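J.:
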Amino acid sequence: SQTIHQWPATLVQPVGSPLSLECTVEGTSNPNLYWYRQAAGRGLQLLFYSVGIGQISSEVPQNLSASRPQDRQFILSSKKLLLSDSGFYLCAWQGALNQPQHFGDGTRLSIL
Amino acid sequence: EDKVVQSPLSLVVHEGDTVTLNCSYEVTNFRSLLWYKQEKKAPTFLFMLTSSGIEKKSGRLSSILDKKELSSILNITATQTGDSAIYLCAGPNDMRFGAGTRLTVKP
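Those sequence lines, one after another, are chains L and G.
The opening position of the first sequence corresponds to residue 568 in my numbering, with each subsequent residue numbered one higher.
The opening position of the second sequence corresponds to residue 200 in my numbering, with each subsequent residue numbered one higher.
1) Of the choices L/Q605, L/I642, L/K647, L/R635, whose alpha-carbon is the least far from that of G/I285?
2) Can you grab the Cα-Cα spacing for the pair G/T300 / L/G610, in whole Å?
3) Comparing the C-beta of L/Y616 with each C-beta of chain G, is any distance below 8 Å?
4) Which word fits L/P667, buried or exposed, when buried means at least 16 other C-beta atoms lie within 10 angstroms of its C-beta?
5) Examine the Cβ distances between the region 223-233 of chain G and the region 271-291 of chain G and report whether three or more of them are shorter than 8 Å.
6) Give the single residue among G/I253, G/G252, G/L273 whose Cα lies nearest to the Cα of G/S261.
7) Looking at chain C, which residues of the region 589-615 of chain L have a Cβ within less than 8 Å of any of its Cβ atoms?
8) Assuming L/G621 and G/A241 are in contact, meaning their beta carbons sit under 8 Å apart, how far apart are those beta carbons, in whole angstroms?
9) Closest Cβ-Cβ distance between L/N630 and chain G: below 8 Å?
10) Using the three-state DSSP reduction, which class does G/G281 fall into: helix, strand or coil?
11) Of all Cβ atoms in chain L, is any one closer than 8 Å to the Cβ of G/G258?
12) What residue does the beta strand (DSSP E) around L/R675 start on, and which one ends it?
13) For the region 570-582 of chain L and the region 250-268 of chain G, state whether three or more C-beta atom pairs, one from each stretch, are separated by less than 8 Å.
14) How big is the Cα-Cα spacing for G/S206 and G/N221?
15) Listing by chain order, which chain L residues have their CB less than 8 Å from the CB of G/F244?
16) Cα separation between L/W574 and L/L588?
17) Rounding to the nearest angstrom, what Cα-Cα distance links L/V618 and G/P306 in this structure?
18) What's the gap between the Cα of G/S257 and the Cα of G/Q279?
19) Would a check of beta-carbon distances place G/S283 closer than 8 Å to chain L?
Shown next as structure tokens:
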């Protein structure tokens, strides 16, 4: 069966520091991969999605970037974090468009 | 730009009540509409709706799509405290989520 792993679960970083969040999927090949950010108690904002290795689409201009170095690995990065980058970051995989997405347990990021 | 709007944003009910959550969308190329439940961390999939007027049901939860009205509803009957969660509507292109409805069920 398919599983998705996200780490770390929580992270506290100072303003101006770099960021790397990792997401990996097991048990499936060539998934669509997604990064979302969720403000406290609210809906999900799509940040990036990828339909294949090296293929990244960005939804919102921002301080973040994403990479997909391997088929089942999706990384969210920043060179210099801002206070506004605080939030709950969720990774999701999808077998194909028009199928449900499956989410990881998320990373709660606090910027001090 | 595609848009998904959920209402109400927040709802407090007592155990045993029936609730109806709403989702409306604006779309250029509809494929499907999905409902998810988020309790603490990962949203979990509830329903995927592609055809108008066909009810999907799972236990006390049911959902239906109205393509003419560009909307969907999620019904929960005989609510329990375990139904307390944020309910998210997504679509029509699988990536656009509404703001969610926070449901609180009091004992």
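By construction, the Cβ of each residue, glycine as well, lies at the ideal position given by its N, Cα and C atoms.
All values derive from a computational prediction rather than experimental measurement.
T.: Concretely, from the data shown:
1) Ranking L/Q605, L/I642, L/K647, L/R635 by CA distance to the CA of G/I285 puts L/Q605 first.
2) Looking at the two C-alpha atoms, the distance is approximately 9 Å.
3) Answer yes: the Cβ-Cβ gap between L/Y616 and chain G drops below 8 Å somewhere.
4) Here L/P667 is buried, its C-beta having at least 16 other C-beta atoms within 10 Å.
5) Per the Cβ contact rule, the region 223-233 of chain G is in contact with the region 271-291 of chain G (3 or more Cβ pairs under 8 Å).
6) Ranking G/I253, G/G252, G/L273 by Cα distance to G/S261 puts G/L273 first.
7) Absence of chain C from the displayed structure is noted, the protein chains being L and G.
8) Not confirmed; about 26 Å, so no contact.
9) Cβ-Cβ to chain G under 8 Å: no for L/N630.
10) Residue state, collapsed to three classes: helix.
11) By this cut-off, G/G258 is not an interface position.
12) Segment 674-678, the beta strand (DSSP E) holding L/R675.
13) Not touching, per the Cβ criterion.
14) Rounded to the nearest angstrom, the two C-alpha atoms are 5 Å apart.
15) By Cβ distance, chain L contributes P667, Q668, H669.
16) L/W574 and L/L588: Cα-Cα distance of roughly 6 Å.
17) Just so you know, the alpha carbons of L/V618 and G/P306 end up roughly 44 Å apart.
18) Answer to the nearest angstrom: the Cα atoms are 15 Å apart.
19) Under the Cβ distance rule, G/S283 does not count among the residues neighbouring chain L, no pair being separated by less than 8 Å.
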